[in-house]
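Have a look at the structure below, then the notes.
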Amino acid sequence: MAEKDYGSDNHKNAMLRPEHPKLIVLEGIDLSGRTTQVELLQDWLVAQRYHVTTTAWRTSALVSDILTRARSGPSLQPLTYSLLFCADHMDRTQQVIRPALERGEIVLADRYTYTAFARDAARGLDRAWVRNLYLFSAQPDIVFYLHISPEEAVKRRMALQQQRENSLKAASKKNGKDTKGEKHDARHEKERSKTGTLMLSTPLSREALESFRGFEVKMYSEYQQMQKEFGFYVIEGNQSIDSIQTALRRTITRLLLDIG
Amino acid sequence: MSAETNTQAGSSSFLVPHTYPGRLIAAEGLDGSGKSTQLQLLQFWLQAEGYEVVITEWTSSKLIKRALKAGKKQGSMEPMLLSILNASDFAEMHERHIVPALQRGAVVLADRYVYTALARNFARGVEHSWIEAVYSFAIRPDLAIYFQISAHESLERILSNHPRLKYYQAGLDLGLSHDPVDSFRTFQQRIVNEYEAMIDAFALWRLDAMLPVKQQQRQLREVVEKALPGE
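Below is the structure:
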């Protein structure tokens, strides 16, 4: 590798790199708090002058656009989605993850291959087939699993919806017009969908909530099964943001100092 | 080689045999080898015999074309990425058109099938076992025909129409030559080599695509008839 000479670069940017590049993954079902924790970890590591690259599911330059488009068009087959998600991960592996690791950086991944394993299995695809698709992936140094129950995910989903409805009401009162509120809302939705997290565009009907719950139950069961198979580092997600962050930092510190 | 040996399991074991009432017949071979013409003739014949016939083509969807366009901005797309995008197009067609047609009992004539993806991917140096595993969801054809012509003949037929060669079609991503026609020649030769290697490995039924159209059709009907249901 031509990236041995960290010295001069270090001097220039006064930034640190760990002894070895590290790939740190956060996994968990929807609304388990992954994204919040990744953001906090990034701030913390950068403050310590580490070079950090973050990457999130469904954000590749190449595929995120067609995945978003596919949502508004006629629905695609589970197999098709599976391959498109794999393309997304492959593009980010080639464009973001591997180059950053080769530069000796810390890569924080908000979801990784395990999301695909859980998701595709939940959609009825063959587990061995899906795992084989992702053989090209970089091996993580640690995989944190933010554990929350599907019931907790449903609770959070309902709370989010309530929050959104309240802010909508407040906005329309303020503007005196409904149209303006809707406009604001549309922009809000777009932002959310870009980050790859839950889209709240559909009103939360009984059926929608039931189908959300059903899917989270399946995802949860897949994550539980993978825990041992892949040696996830489990962190209870049903505690305060700070407590979770503290637990993450403690373990990452040990990882960066190579003291296991 | 007789049709009987072809339609048996053979060694194309990475594909799953089906138990649907319909039949899947795949046509493979270089551009300009006459696949489409022959499939159309087969279609007329089969329809006259009372079969429902579905012809599928190997094309890129709008979604994938967008990705390919976006990919140009970051330079040539890695062969594996190109292959996974093509696989997603194929998956959609397979699930949406091929499987339901076979369930209805139709005869599906596939103008190119997984062997096209394999030949092109192998020619790009993608690892065989990986790409075979990717496509292993596909149904094993009851009959897979290889329209055999030389790379030279294929080039004559295609280039005589002065087509605008597409970037990946010409294999320009491989850096074989800056000249699209030169690159296309080299790439086609590689694809022929890969096809030839697949004839035995995947039990493809070889058709001499240099024969007159009528003669080819006669041979095809003979072998297709044996693959039809109730025979």
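First to last, the sequence lines map onto chains A and B.
When you line the first sequence up against this note's numbering, it's residues 1 to 260, in that order.
When you line the second sequence up against this note's numbering, it's residues 1001 to 1231, in that order.
For every residue, glycine included, the Cβ atom is placed at its ideal position computed from N, Cα and C.
- Within the segment 61-95 of chain A, Ala61, Leu62, Val63, Asp65, Ile66, Arg69, Ala70, Leu76, Gln77, Leu79, Thr80, Leu83, Leu84, Cys86, Ala87, Met90, Asp91, Gln94 and Gln95 place their CB atoms closer than 7 Å to a CB of chain B, listed in sequence order.
- Within the same chain, and ignoring the five residues on either side of B:Ala1133 in sequence, the residues whose Cβ sits closer than 8 Å to its Cβ are Phe1014.
- Straight-line measurement puts the Cα of A:Thr55 at about 38 Å from the Cα of A:Lys173.
- When Cβ-Cβ separations below 8 Å define contact, B:Gln1074 makes contact with chain A.
- Separation of the CB atoms of A:Asp110 and A:Thr35 is rounded to 6 Å, and the pair is thereby assigned contact status at 8 Å.
- If you compare the alpha carbons of B:Glu1222, B:Leu1207, B:Val1213 and B:Val1054 with that of B:Ile1149, the shortest gap goes to B:Leu1207.
- Boundaries of the beta strand (DSSP E) harbouring A:Lys22: Lys22 to Glu27, taken from the DSSP string.
- Contact between B:Val1107 and B:Leu1046 holds: their C-beta atoms lie close to 6 Å from each other, under 8 Å.
- The continuous beta strand (DSSP E) containing B:Ile1055 extends over residues Val1053 to Glu1057.
- Runs of the alpha helix (DSSP H) spanning 4 or more residues and lying entirely within the segment 34-59 of chain A occur at 34-47, in chain order.
- Collapsing the DSSP output to three states places A:Val107 in a strand.
- Proximity of A:Leu101 to chain B, defined by a Cβ-Cβ separation below 8 Å, is not satisfied.
- DSSP, read as helix, strand or coil, puts B:Arg1112 in coil.
- Per DSSP, B:His1128 is one residue of the alpha helix (DSSP H) stretching across His1128 to Val1134.
- Counting only the Cα atoms, A:Ile235 lies some 58 Å from B:Asp1182.
- Residue state for A:Ala122 is assigned as helix, using DSSP reduced to three classes.
- In the structure shown, the three-state DSSP call for A:Tyr220 is helix.
- For A:Leu135, the chain B residues whose Cβ falls inside 7 Å of its Cβ are Trp1130, in order along the chain.
- Check the Cα spacing between B:Val1054 and each of B:Leu1039, B:Gly1071 and B:Leu1068: the tightest is with B:Leu1039.
- A:Pro150 is positioned such that its CB atom lies no closer than 8 Å to that of A:Val46.
- According to DSSP, residue pairing for B:Gly1032 in a beta bridge does not occur.
- Residue-level contact check: B:Glu1095 touches chain A, since one or more beta carbons of chain A fall below 8 Å from its beta carbon.
- Close partners of B:Glu1057 in chain A (Cβ separation under 9 Å) are lacking, with about 17 Å as the shortest Cβ gap.
- Among the residues of chain B, those whose CB is under 8 Å from the CB of A:Trp129 are Ala1133, Ser1136 and Phe1137, following chain order.
- In the three-state reduction of the DSSP assignment, A:Phe232 falls in the coil class, being assigned neither a helical nor a strand state.
- About 5 Å separates the Cβ atoms of B:Leu1024 and B:Pro1141, confirming a contact at the 8 Å cut-off.
- Chain-ordered, the chain B residues with CB closer than 8 Å to the CB of A:Asn132 read Trp1130, Ala1133 and Val1134.
- Three or more Cβ pairs closer than 8 Å define a contact, and the segment 204-212 of chain A falls short of that threshold against the segment 120-139 of chain A.
- Your pair B:Ala1144 and B:Tyr1195 does not check out as a contact, with CB atoms roughly 11 Å apart and the cut at 8 Å.
- Using a Cβ-Cβ distance cut-off of 8 Å, the segment 239-254 of chain A and the segment 28-44 of chain A are in contact, since at least three pairs of beta carbons, one from each stretch, lie closer than that value.
- Minimum Cα-Cα distance from A:Val63 among the listed residues A:Gly73, A:Arg92 and A:Arg49 corresponds to A:Arg92.
- Straight through space, the alpha carbons of B:Gly1022 and A:Leu204 are spaced by roughly 42 Å.
- With a cutoff of 8 Å on beta-carbon distance, B:Leu1085 and B:Ile1191 are scored as not near each other.
- According to DSSP, residue pairing for B:Trp1205 in a beta bridge involves B:Ile1145.
- Annotation for A:His147: Val234, Glu236 and Gly237 place their beta carbon closer than 6 Å to its own, counting only its chain and skipping 5 residues before and after.
- Taking 8 Å as the CB threshold, B:Gly1071 lines the interface with chain A.
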